[in-house]
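Protein chains in written order, with this note's numbering: chain E, 470 to 980; chain P, -19 to 268.
Ideal Cβ positions, reconstructed from N, Cα and C, are used throughout, including at glycine.
This one's a predicted model, so the numbers in the text were calculated from it and none came from an experiment.
Input: a single structure, listed below in structure tokens.
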Amino acid sequence: MIKISKFIGPATLLALAVAAATPAMAKDYTQFGIEKDLPGTCSYEATDAKDYSGRSLNVITHAIPVIGEPTALHAEQFAALTGAEVNVVHVPFGDLFQRIMIPFQSDQNAYDVLFYASLWIGDFNRFLEPVPQKYIDSTGMSDVTDSFTGVATWNGEMIQYPMDGDRHYLKYRTDIFDNAEVQAKFLADTGSALTVPETWEDYNKVAAYFNDRDWDGDGELNYGSAEVAKRDDLMFSAFISRAAPYAKHPDVKGGFFFDLETMEPLINSPGFVRGLQLFVDAQKSFPPGGNNFGLGDEIFSFGGGQTLMSYSWDDAYVQANQKDSRIRNMVAAAPLPGAGEVWNRDTGTWDTFATPNRAPYMTWGWSSAVSQMSEEKEMAFDFLCFFANEANAKNDLQIGRFGVNPYRNEHLDVDFWKGQGWEDKTAESYVSTLSDMEESQNRVFDLRVPGVSQFMSSMANGVAEAMAGQKSAQDALDGVAKEWAEITERIGKDRLRAAYANVVKLEDNEG
Amino acid sequence: MLSSKHFFLLPALLTLVAIILFPLLFTVRVSFSSWDVFQSGLDFIGGSNYVRVFADDRFWQSLQRLSLLSIISVSLQYTLGFALALAVWKQVRGGRLLRVLFLIPMMTTPVVMSVIWRTVFHESLGPVNDILSAFGVGPVPWLSSATGAFISVLIVEVWQWTPFMFLLLLAGLVSLPKEPYLAAAIDGAGTWRTFWQVTFPLMAPITIGALIIRLIEASKIMDTVYVLTSGGPGTATETSSYYIYIRGLRDFQIGYSAALSLVYLVIMIISLTIIAKLLLRTLVGKDE
């Protein structure tokens, strides 16, 4: 009888020989909901090789779905891959700032990882751990666009971990703008050609023409413009978009919101007042109740086909192009309208521009960071690196409700968006609009300084008063400027100037 | 002199200190600090925050708005609540079912109901304007005009809290003695006269209690405003508590919002005490 043990040695050798001769089989991670793992520093495979068993990570993030849902998803995946325990706390936007700030101020190590609005960097920077060099050198990070690397940087040091990229841009209906019959009628009625608005005056004019008409023939009235106009619901961003081209002169450096030298508020300067007046006038072309529209209403109104134009973040664009949308591939993107006249605060005059001045607004997006007090910093950065790895980022971009928008150069690829079922114009206009913003030399960023919420809340209140007709545009912004001066006084001019210099560097393309 | 029986009061006293006195005293202390987003901790800046409160037009305007809103809404709640209580006081068909139905609004969560009401009042997609348009009315700017938004907040408040009035007043009606009604009937008093000369005076103590409780609650209105209008358009529906919320939790001006809260608390205590005295004098006829 032949003993089995005699075969074990040769069989083992044979198995090893076969294994050595066969190319390594990539491990399958599709059970995590991704198409496939993509190579990179923090890929699924690389993360799978780490062992954090018995250790835990506390994460605070926004409520589900925007950012909250991808956080929960990637936390679960990270836990499954590494054995770590990841506890995720979801908080509504209105409470997020204080839920992060109070533990910081009282020296409590409540959260290792934080997801929050990137414009709060002015308040949080002193509590955040700088991103270690090995993560800055990671494959994902090296492809982040210069703008969003800048957004993550404070005093020359990267302290936020980029995982989203947000901007405001114009969205419009191509089935109307490209329709020859509509173009002819518009020309006959108004004496000018129907083109994508180049200035905010043009925008208001086109919006007014198409307001209160059933231009899509569905039996329901349509309207000119959907805008985020509800006080305390991100309306401050809409106002900045509208005022920027009038107040941001390409040849005037040293501050958009403040004069960096004197720290005098510029919020009531003629450029901002013109922007506000046009915002007030635009209300005539809003759908019923449009001056109470928050972001959700704006997304629903434009994305649902009610309005001709809109401008804000990507959400309405993505919603309009979803598979079940009745206006899928009937929308295109364009740069925010500009201004034919721009206020020059150096000379105190309006300068006329033959080609409208554009001032793209790199409006705040989501960002993430690791707390200085965390005792699990390496694991925390590994989690963020995994969250934003190549496969996850591509997957998250495709799900509108996740709130993750392009922030790497590879995301600005027309073919990727065509792969989502977007037709040529929809995909090309989207990518070219976003790419051009990266190239612009006259961009506006958020006021990323200590007390930003106080400044923005004051501005939103003033703008709302003008929108409601309680005050004129000038009076409302004079009131805001007075409050800003008081806030500046309380914070301290020098402290504010030091912080604001970081913003001015980005705006003046020096950083 | 302390005896062992006094120690039985200790748990209650400790609870009182923990849930009322400590937060109150801590708020007083915070109100004298500049605790802000950039200045954490309890420094001492004297009465600067209080000086700022007295110069803060937005706070005083919000207080005026709140007073108007509270007075109108509580008056309407009282009138409707009393009418409903009278309607189901006597045995009516389906009275028990009606009582349960009347209580539903009060039992719902204000934030959730405000979200539903916001949809109801939505000017282009909501059902109210849809129904009104069938009668050739509208579109009514429910949330986008100052008057419309104020009325909308009022409607939601009345809808939500009338059942509370109804409940208290019904309990009062049920407990009224029968003799005065027998006497009134013997004297030949009609329904109207019986109400004004018997029911209403007998209900005075309950009326005063119900009005004061509701005024206290109405003066704290925040969630409905937050969800329905965010204080807008402009500042048309911004109430004191919503304003304090903005300053404290959104702007993170902790010291200043503590001062606002305390000024607001003092104003409420004084004005509600005066209102209670006036109601006693008017409805009961004596200052007690």
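Per DSSP, T622 of chain E forms a beta bridge with which residues? Numbered from 1 along the first sequence, position 153 holds the residue referred to as residue 622 of chain E. The partner list for T622 of chain E (beta bridge, DSSP) reads E:M627.
What's the call for F34 of chain P, buried or exposed, on a 16-neighbour Cβ count within 10 Å? Locating residue 34 of chain P in the second sequence gives position 54, counting from the first residue. It is exposed - the Cβ of F34 of chain P has fewer than 16 other Cβ atoms within 10 Å.
Step through the CB atoms of chain E and report whether any lies within less than 9 Å of the CB of G170 of chain P. The count along the second sequence starts at 1 and reaches residue 170 of chain P at position 190. It does not; no Cβ of chain E falls within 9 Å.
Backbone secondary structure at S14 of chain P - three-state DSSP: Translated into positions along the second sequence, residue 14 of chain P becomes position 34. Note: S14 of chain P maps to coil in three-state DSSP.
Beta-carbon proximity of M778 of chain E to V675 of chain E, cut-off 9 Å: As a working mapping, residue 778 of chain E is identified with position 309 in the first sequence. As a working mapping, residue 675 of chain E is identified with position 206 in the first sequence. Yes. Within cutoff.
Do you know offhand how far V68 of chain P's Cα is from R76 of chain P's? Taking the first residue of the second sequence as 1, we reach residue 68 of chain P at position 88. Taking the first residue of the second sequence as 1, we reach residue 76 of chain P at position 96. Going by the C-alpha atoms only, they are around 8 Å apart.
Which runs of the beta strand (DSSP E) at least 3 residues long sit entirely within the region 485 to 561 of chain E? Give them in chain order. 525 to 531 and 554 to 560
Per-residue burial, Q574 of chain E [other beta carbons within 10 Å of its own, 16 or more giving buried]: Position 105 of the first sequence, counting from 1, holds the residue named residue 574 of chain E. Flag for Q574 of chain E reads buried.
Beta-carbon proximity list for F705 of chain E, same chain, < 6 Å, skipping 5 on both sides: Mapped onto the first sequence, residue 705 of chain E falls at position 236. The answer, listed in chain order, is M925, M928 and A929.
Nearest-angstrom Cβ-Cβ length linking L150 of chain P and A65 of chain P, presumed shorter than 8 Å: By 1-based counting over the second sequence, the position of residue 150 of chain P is 170. By 1-based counting over the second sequence, the position of residue 65 of chain P is 85. About 4 Å; that satisfies the 8 Å criterion.
Span of the alpha helix (DSSP H) holding T262 of chain P? If you number the second sequence from 1, residue 262 of chain P lands on position 282. Unbroken run through T262 of chain P: none, as it is neither H nor E.
Does any residue of chain P have a CB that is nearer than 9 Å to the CB of R700 of chain E? The residue you call residue 700 of chain E lines up with position 231 of the first sequence. True, the Cβ-Cβ gap to chain P drops below 9 Å.
According to the Cβ coordinates, are V972 of chain E and D882 of chain E closer than 9 Å? As a position in the first sequence, residue 972 of chain E is number 503, starting the count at 1. As a position in the first sequence, residue 882 of chain E is number 413, starting the count at 1. Not closer than 9 Å, so no.
Residue from E:P561, E:A935, E:G634 and E:G773 whose Cα sits closest to the Cα of K640 of chain E: If you number the first sequence from 1, residue 640 of chain E lands on position 171. Ranking the options by Cα distance to K640 of chain E, first place goes to E:G773.
Tell me which residue opens and which closes the beta strand (DSSP E) that D820 of chain E is part of. As a working mapping, residue 820 of chain E is identified with position 351 in the first sequence. Its beta strand (DSSP E) spans residues T818 to N826.
At the 9 Å Cβ level, is Q629 of chain E part of the contact set with chain P, yes or no? Reading the first sequence from its first residue, position 160 is the one you call residue 629 of chain E. No, Q629 of chain E does not count as interfacial toward chain P.
On the DSSP letters alone, give me the boundaries of the beta strand (DSSP E) that W835 of chain E sits inside. Position 366 of the first sequence holds residue 835 of chain E. W835 to V839 is the span of the beta strand (DSSP E), which, as asked, contains W835 of chain E.
Inter-residue Cα distance where the pair is L252 of chain P and L263 of chain P: Here residue 252 of chain P corresponds to residue number 272 of the second sequence, with the count starting at 1. Here residue 263 of chain P corresponds to residue number 283 of the second sequence, with the count starting at 1. L252 of chain P and L263 of chain P: Cα-Cα distance of roughly 16 Å.
Can you say whether W835 of chain E is buried or exposed, counting buried as having 16 or more other CB atoms within 10 angstroms of its CB? By 1-based counting over the first sequence, the position of residue 835 of chain E is 366. The residue in question, W835 of chain E, is buried, as its Cβ has 16 or more Cβ neighbours within 10 Å.
So, is the C-beta of S770 of chain E closer than 9 Å to a C-beta in chain P? If you number the first sequence from 1, residue 770 of chain E lands on position 301. Yes, contact with chain P.
Which residues in the same chain have their Cβ closer than 6 Å to the Cβ of S94 of chain P, if we skip the five residues on either side of it in sequence? Sequence index remark: in the second sequence, residue 94 of chain P carries index 114 (1-based). Within the same chain, S94 of chain P has close Cβ partners T204, V207 and L208.
Consult DSSP for F39 of chain P and reduce its assignment to one of helix, strand or coil. Position 59 of the second sequence, counted from the first residue, corresponds to residue 39 of chain P. The answer is helix: DSSP assigns F39 of chain P an H, G or I state.
DSSP state of P714 of chain E mapped onto helix, strand, coil: Translated into the one-based positions of the first sequence, residue 714 of chain E becomes position 245. Three-state DSSP puts P714 of chain E in a helix.
Beta-bridge partners of P734 of chain E, as assigned by DSSP: Walking along the first sequence from the start, residue 734 of chain E turns up at place 265. P734 of chain E pairs with E:F727.
Straight-line gap, S611 of chain E to H718 of chain E (C-alpha atoms, nearest Å): Residue numbering aside, residue 611 of chain E sits at position 142 when the first sequence is read from its first letter. Residue numbering aside, residue 718 of chain E sits at position 249 when the first sequence is read from its first letter. Taking the straight line joining both Cα atoms gives about 32 Å.
Beta carbon proximity, D793 of chain E to chain P, threshold 9 Å: As a working note, residue 793 of chain E is residue 324 in the first sequence. Cβ-Cβ to chain P under 9 Å: no for D793 of chain E.
Through-space distance from F501 of chain E to A546 of chain E, alpha-carbon basis: As a position in the first sequence, residue 546 of chain E is number 77, starting the count at 1. As a position in the first sequence, residue 501 of chain E is number 32, starting the count at 1. The identity of residue 546 of chain E in the sequence shown is Gln, whereas the question assumes Ala. Approximately 7 Å between the Cα atoms of the pair.
Which partner residues of L597 of chain E appear in the DSSP bridge assignment? Start at 1 with the first residue of the first sequence, and residue 597 of chain E comes out as number 128. In DSSP, L597 of chain E forms a bridge with E:S840.
In three-state DSSP terms, what is A579 of chain E? Looking up residue 579 of chain E in the first sequence gives position 110. Three-state result, A579 of chain E: coil.
Cβ-based burial, K257 of chain P [other Cβ within 10 Å; buried from 16]: In the second sequence, the residue the question calls residue 257 of chain P occupies position 277. The residue in question, K257 of chain P, is exposed, as its Cβ has fewer than 16 Cβ neighbours within 10 Å.
Three-state class that DSSP yields for K70 of chain P in the structure shown: If you number the second sequence from 1, residue 70 of chain P lands on position 90. Three-state result, K70 of chain P: coil.
To the nearest angstrom, how far is it from the Cα of K519 of chain E to the Cα of D784 of chain E? As a working mapping, residue 519 of chain E is identified with position 50 in the first sequence. As a working mapping, residue 784 of chain E is identified with position 315 in the first sequence. In a straight line, the C-alpha of K519 of chain E is about 35 Å away from that of D784 of chain E.
DSSP has W812 of chain E in a bridge; who is on the other side? Residue numbering aside, residue 812 of chain E sits at position 343 when the first sequence is read from its first letter. Paired residue(s): E:W819.
Residues near L853 of chain E in its chain [Cβ-Cβ closer than 6 Å; skip 5 each side]: Taking the first sequence and counting its residues from 1, one reaches residue 853 of chain E at position 384. Same-chain partners within the cutoff: Y630 and S837.
Can you list the residues of chain E that I226 of chain P reaches, using a CB-CB cut of under 7 Å? Translated into the one-based positions of the second sequence, residue 226 of chain P becomes position 246. The contacting residues are S926.
Is the beta carbon of L240 of chain P sitting closer than 9 Å to the one on G228 of chain P? The sequence position of residue 240 of chain P within the second sequence is 260, counting from 1. The sequence position of residue 228 of chain P within the second sequence is 248, counting from 1. Taking 9 Å as the Cβ cut-off, L240 of chain P and G228 of chain P qualify as a contacting pair.
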